[in-house]
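Engineer: Have a look at the structure that comes next, please.
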């Protein structure tokens, strides 16, 4: 049905750039922001700008994603690396090129398609049904408004349309399918023998000279971690909560806000009749309103008069009223209806004139003030504490700047000085695992200058200032500290070399005799490429070996983690694929060809594009559309 949505993609002022970094919520697609093009945009793609605001936003999201994926291993150096920014810029360039191409090819999606896409996203559903409150909350948590997210999904659907169309046009030849099916179903009779490195450990002889030589040649492998200890003062807004005073007026105001919010969250379903065509649409709308007031059916008039054919077929029904799905004039008019069955006066929007009817209104669930007093009081105290805490941050910064020691700062705020254990750049716990804390602890201001740090805001909102307690740079560990480690490495290397030598001797014997010795060789077995009973690396190696081609067998060796396999291929036979398998393979190969063709299409877009990046000039070619 025709959704009354704001058309964000009007000219350069509303152009949407689709990002490709996946955030940590399951919306099933990429994300972006509305890009307002101006002359200061740091990236230009065929004359269209990508703003620094957009780049920085996606960089921030990528950093958050890395922190979630890597945890303690997400070091400040990684999170702040230039590579992340360059990767984001390249992704935005590639998406912009594809968006431009989709426009040139006439790709378009309807508002109805976008609405169906959004309401089908599981992250926005409760018990399998689209839920407006969940929708708005999830968007807000990820930095979206309904309009910007809707515009992003429209752009992504347009890209999907272009990609699907180009990929689906590819095809494959029957002889190619037959050849691949034959290879895929091939079977091989194989035997093998494993020479385990651990079986040769007793033959290994590691000398002191061997250990010293390895230590001298690989000293960089034995660096101790750089580590630091700091003294710090930590302040939290929660410390201020008990001292906050809540008046009766505060409680009443907070309760009034709660009531208003509950009432605004009541679910509404609406219908409309749209008058978009004709010489005097306002007069037509007023005439229809008179007919409604005289008792005619809204659904019948919608079917007869509405210029929104999709909703007209449903009696004008638009379903649930969702903020952001409709232009503001329409939404506000619908929200002003308070009685089920009430019909608005003609409402003008960019689409024409509407008569809007309130079809249903769920009752707001409002808890009495007496039952919420304690909850509201704590909420108000937290809010007041946060406001007070905003002032504390500047006071803490002043104290850190003017004090000679962290102890003086502690005395100013009446708190204690904490001392960390030795911490490294990764693998820490508690407050020392916070990226901002860690970055500051290893900063030149703390380590080299020895001064009290600037104020650090932790992920949980707490404030910290710190001063150096002790520092140890990375250094080569003494031989005595790493001797056992070196001996283990050399033992593993030499035992593997002995296993390899034994395997090579076995292979020479097999080749000379043209048959397998019995001892240690596994009874020959026929396997396919998807065999799951043998180790996967053994199966893959067996199918990489040449056929016997008239000889009794072919034999070779493959090094694996536990030692060396000697593998013999005794026979090769072609399998007979099922008809369904051939059909599936044909589809797979056609899709793969389509992807290759789309990659070539994208490469041509990139090669012919005029791309300028501030400070870099012409952008280098990047061959992946994503």
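Residue numbers (UniProt numbering): 1 to 626. Just so you know, even glycine gets a beta-carbon here, dropped at the ideal spot from N, CA and C. These numbers come from a predicted model, not from an experiment.
Report yes or no: do the stretch 486-501 and the stretch 204-224 share at least 3 C-beta pairs separated by less than 8 angstroms?
Structural biologist: Touching, yes, given that three or more Cβ pairs across the two stretches are closer than 8 angstroms.
Engineer: Take residue 254 as the anchor and find which of 477, 377, 589 and 464 has the nearest alpha-carbon.
Structural biologist: Among 477, 377, 589 and 464, the Cα nearest to that of residue 254 is on 377.
Engineer: Does DSSP put residue 471 in a helix, a strand or coil?
Structural biologist: If DSSP states are grouped into helix, strand and coil, residue 471 belongs with the strands.
Engineer: Note the first and the last residue of the continuous beta strand (DSSP E) segment covering residue 568.
Structural biologist: Where residue 568 is concerned, the enclosing beta strand (DSSP E) stretches over 563-573.
Engineer: If we ignore side chains and look at the alpha-carbon of each, how far apart do residue 86 and residue 366 end up?
Structural biologist: For residue 86 and residue 366, the distance between alpha carbons rounds to 50 angstroms.
Engineer: On the premise that residue 190 lies in contact with residue 570, defined as a C-beta separation below 8 angstroms, what is that separation, rounded to the nearest angstrom?
Structural biologist: With a Cβ gap of about 7 angstroms, residue 570 and residue 190 count as contacting.
Engineer: Starting from residue 425, trace the beta strand (DSSP E) in both directions and tell me its first and last residue.
Structural biologist: Where residue 425 is concerned, there is no enclosing beta strand (DSSP E), given that its DSSP letter is neither H nor E.
Engineer: Quick one, which of 150, 421, 167 and 144 has its alpha-carbon nearest residue 596's?
Structural biologist: Answer by Cα proximity: 167.
Engineer: Mind the definition here: the stretch 149-168 touches the stretch 592-610 only if three or more C-beta pairs lie below 8 angstroms; say whether that holds.
Structural biologist: Verdict: yes, contact present.
Engineer: Below 7 angstroms CB to CB, which residues in the same chain sit around residue 28 once its five sequence neighbours on both sides are set aside?
Structural biologist: For residue 28, the predicted structure reports a pLDDT of 33, less than 50, and the residue's modelled location is therefore unreliable. The matter cannot be settled from this model.
Engineer: Hey, out of 79, 461, 601 and 542, whose CA is closest to residue 187's CA?
Structural biologist: Nearest C-alpha to residue 187: 542.
Engineer: Helix, strand or coil for residue 529, going by three-state DSSP, please let me know.
Structural biologist: If DSSP states are grouped into helix, strand and coil, residue 529 belongs with coil.
Engineer: Rounded to whole angstroms, what is the Cα-Cα separation between residue 219 and residue 487?
Structural biologist: Taking the straight line joining both Cα atoms gives about 14 angstroms.
Engineer: Once DSSP output is grouped into helix, strand and coil, what is the label at residue 440?
Structural biologist: Here residue 440 sits in helix by DSSP.
Engineer: Kindly indicate which three-state DSSP category residue 273 falls into: helix, strand or coil?
Structural biologist: Reduced to three states, the DSSP call for residue 273 is strand.
Engineer: Please classify residue 563 as buried or exposed, where buried requires at least 16 neighbouring CB atoms within 10 angstroms.
Structural biologist: Buried: at least 16 other Cβ atoms inside 10 Å.
Engineer: If you draw a straight line from the C-alpha of residue 70 to the C-alpha of residue 64, how long is it?
Structural biologist: Those two C-alpha atoms are separated by around 10 angstroms.
Engineer: Excluding the 5 residues preceding and the 5 following residue 89 in the sequence, name in chain order all residues of the same chain whose CB lies nearer than 7 angstroms to its CB.
Structural biologist: Taken in chain order, the residues that qualify are 43, 55 and 613.
Engineer: CB-CB under 7 angstroms to residue 369, same chain, minus the five flanking residues each way: which ones, in chain order?
Structural biologist: Same-chain partners within the cutoff: 255.
Engineer: Who are the Cβ neighbours of residue 427 in its own chain at under 6 angstroms, not counting the five residues just before and after it?
Structural biologist: Contacts found: 72.
Engineer: Return helix, strand or coil for residue 606, following the three-state DSSP convention.
Structural biologist: Helix at residue 606.
Engineer: Taking the continuous alpha helix (DSSP H) assigned at residue 491, which residues delimit it?
Structural biologist: First-last of the alpha helix (DSSP H) with residue 491: 479-513.
Engineer: Could you compute how far the alpha carbon of residue 447 sits from the alpha carbon of residue 246?
Structural biologist: When rounded, the distance between both Cα atoms is 44 angstroms.
Engineer: Under a three-way DSSP split, which group does residue 23 fall into?
Structural biologist: Note that residue 23 has pLDDT 28, beneath the 50 cutoff, so the model's placement of it is unreliable and no number is given.
Engineer: Relative to the C-alpha of residue 100, which residue among 134, 156 and 124 is closest?
Structural biologist: When each option's Cα is compared against that of residue 100, the closest is 156.
Engineer: Taking the Cβ atom as the reference point for each residue, do residue 231 and residue 466 lie within a distance shorter than 8 angstroms?
Structural biologist: Closer than 8 angstroms, so yes.
Engineer: Given a cut-off of 8 angstroms, decide if residue 358 and residue 285 are closer than it, judged by their beta-carbon atoms.
Structural biologist: No. Outside cutoff.
Engineer: In the DSSP assignment, find the unbroken beta strand (DSSP E) run with residue 205 in it and report its ends.
Structural biologist: Premise fails: residue 205 is in no beta strand (DSSP E) and is neither H nor E.
Engineer: What does a CB cutoff of less than 6 angstroms around residue 506 pick up in its chain, not counting 5 residues either side in sequence?
Structural biologist: Cβ neighbours of residue 506 beyond the five flanking positions: 566.
Engineer: Restricting to Cα atoms, I'd like to know which of 523, 525 and 490 is closest to residue 212.
Structural biologist: When each option's Cα is compared against that of residue 212, the closest is 490.
Engineer: Compare the Cα-Cα distances from residue 281 to each of 352, 385, 560 and 185 and report the closest residue.
Structural biologist: Of the candidates 352, 385, 560 and 185, the one whose C-alpha sits nearest the C-alpha of residue 281 is 352.
Engineer: Pick helix, strand or coil for residue 594, following the three-state DSSP scheme.
Structural biologist: In this structure, residue 594 counts as helix in the three-state DSSP scheme.
Engineer: Please state whether DSSP places residue 30 in a helix, a strand or coil.
Structural biologist: The predicted model places residue 30 with a pLDDT of 35, which falls under 50 and marks its position as unreliable, so this point remains unresolved.
Engineer: Applying the 10 Å Cβ sphere with the 16-neighbour rule, what's the burial state of residue 573?
Structural biologist: Residue 573 comes out exposed.
Engineer: Counting beta carbon pairs with one atom in the stretch 304-319 and one in the stretch 259-279, are three or more of them shorter than 8 angstroms?
Structural biologist: As far as the Cβ criterion goes, the stretch 259-279 touches the stretch 304-319, which means the pair count is three or higher.
Engineer: From residue 408 to residue 470, what distance separates their C-alpha atoms?
Structural biologist: So the two alpha carbons sit approximately 19 angstroms from each other.
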